[in-house]
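J.:
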Amino acid sequence: MGELGELGELGELELLQGNQEKHISLLKNFVSGGVGGACLLFVGHPLDTIKVRLQTQPRVPSQDVLYKGAYDCFLKTVSKEGLLGLYKGMGAPLASVAPMMAISFFGFGLGKQLLQPDSTKTLMPTQLFLSGCLAGVFTTVIVCPGERVKCLLQVQASGGQQAVRYAGPLDCALKLYKTQGIRSIYKGTTLTLIRDVPSNGAYFMAYDFLKHKMTAEGESVSQLSTPKILLCGGIAGICNWIVGLPPDVLKTNFQTAPDGRYRGTGLVDVLRELLRDEGPRALYKGSNAVFLRAFPANAVLWKNI
Numbered sequence: 001m002g003e004l005g006e007l008g009e010l011g012e013l014e015l016l017q018g019n020q021e022k023h024i025s026l027l028k029n030f031v032s033g034g035v036g037g038a039c040l041l042f043v044g045h046p047l048d049t050i051k052v053r054l055q056t057q058p059r060v061p062s063q064d065v066l067y068k069g070a071y072d073c074f075l076k077t078v079s080k081e082g083l084l085g086l087y088k089g090m091g092a093p094l095a096s097v098a099p100m101m102a103i104s105f106f107g108f109g110l111g112k113q114l115l116q117p118d119s120t121k122t123l124m125p126t127q128l129f130l131s132g133c134l135a136g137v138f139t140t141v142i143v144c145p146g147e148r149v150k151c152l153l154q155v156q157a158s159g160g161q162q163a164v165r166y167a168g169p170l171d172c173a174l175k176l177y178k179t180q181g182i183r184s185i186y187k188g189t190t191l192t193l194i195r196d197v198p199s200n201g202a203y204f205m206a207y208d209f210l211k212h213k214m215t216a217e218g219e220s221v222s223q224l225s226t227p228k229i230l231l232c233g234g235i236a237g238i239c240n241w242i243v244g245l246p247p248d249v250l251k252t253n254f255q256t257a258p259d260g261r262y263r264g265t266g267l268v269d270v271l272r273e274l275l276r277d278e279g280p281r282a283l284y285k286g287s288n289a290v291f292l293r294a295f296p297a298n299a300v301l302w303k304n305i
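What follows is the structure, given as structure tokens:
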């Protein structure tokens with residue numbers, strides 16, 4: 001959100017719930033995915049802003065860091081920028097959330113269909129994991145540029161007025177395109193894949209597994225109560241970030257770094273620099289904000305899907 005569902009081919013998607021087969025139209029999946037994703041953003045974006053700022057703050061002695069933790073970052077952001085400061089950079093992911101959710105639904109649904117030729121059999125956890133991984137591959141094409149813009153806007157605001165280079169998401173995207181073309185907008189694609197493929201696998205596997213475990217014998221998963229759906233979604237969100245946080249730290253630092261600072265995909269250079277300057281703990285920077293965000297945001301998401 002490191003965060004998503006399943007969508008079908010042109011016409012309608014086949015969702016398998018337990019041993020039941022259900023057809024849902026493309027439009028319904030698109031709309032429900034967009035609404036669920038928008039709810040996730042509104043609930044989770046403030047803590048995402050805190051996460052990004054903690055991950056990218058200058059690496060100096062601990063007594064001189066700008067933010068001493070998630071709560072300190074929250075207080076300083078609100079004091080300096082007001083509550084709206086916590087929503088910096090939300091325009092880009094908000095604009096892309098509907099198609100991203102639609103593609104994610106499609107990827108997971110396609111993976112399940114490929115791995116489950118017999119619809120009367122329940123998928124194994126490993127099959128659910130691989131289906132979720134496919135969803136992560138599909139969504140990267142939309143997630144990566146949105147996160148590149150979002151992170152740059154979130155970081156620039158913490159540097160004071162003199163650090164402001166972009167007036168908003170569209171201005172940021174246009175300036176990135178003018179500097180190095182589409183490659184600049186898609187900077188961090190490899191790291192986004194490294195984050196989203198396994199984390200989406202863990203996410204969907206956890207949600208589907210928990211959903212079936214909580215379904216009483218003789219009942220359908222569609223009959224799960226709201227509290228159980230919220231619990232499944234929240235736990236799945238935490239599983240997602242346990243897997244996805246280290247590569248997310250690498251991705252965020254790479255996407256917000258000045259051009260030319262890191263070579264190639266940035267994976268080796270950013271990892272080496274973080275480990276050298278801060279040790280292994282650096283790979284879980286912003287974890288407090290991430291896990292505080294993961295449960296409520298993903299619980300709300302699944303309740304609205």
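Counted the way UniProt numbering counts, the sequence shown spans residues 1 to 305. The C-beta atom is built at its ideal place from N, Cα and C for all residues, glycine as well. Small disclaimer: the values here were computed from a predicted structure and weren't measured.
1) Look up Pro-46 in the DSSP assignment and say whether it is helix, strand or coil.
2) Mapping the DSSP letters down to three states, classify Pro-296 as helix, strand or coil.
3) Could you tell me how far apart the beta carbons of Leu-191 and Thr-265 are, in whole angstroms, since I believe they sit closer than 8 Å?
4) Among the candidates Val-221, Tyr-166 and Pro-247, whose CA atom is the shortest distance from the CA of Ile-194?
5) Counting beta carbon pairs with one atom in the region 274-290 and one in the region 210-218, are three or more of them shorter than 8 Å?
6) Using the C-alpha atoms, what's the distance from Phe-106 back to Gly-188?
7) Three-state secondary structure (DSSP) at Asn-288?
8) According to DSSP, simplified to helix, strand and coil, what is Gln-255?
9) Counting only the same chain and skipping the five closest in sequence on each side, list residues whose C-beta sits under 7 Å from that of Gln-57.
10) Please classify Leu-47 as buried or exposed, where buried requires at least 16 neighbouring CB atoms within 10 angstroms.
11) Return the chain-ordered list of same chain residues with a C-beta closer than 6 Å to the C-beta of Gly-37, the five sequence neighbours on each side being excluded.
12) Can you grab the Cα-Cα spacing for the pair Ala-135 / Ile-142, in whole Å?
13) Is the beta carbon of Lys-150 less than 8 Å from the beta carbon of Ala-92?
T.: This is what the structure gives:
1) helix
2) helix
3) 7 Å
4) Pro-247
5) no
6) 23 Å
7) helix
8) helix
9) Val-65, Leu-66 and Tyr-67
10) buried
11) Val-97 and Met-101
12) 12 Å
13) yes
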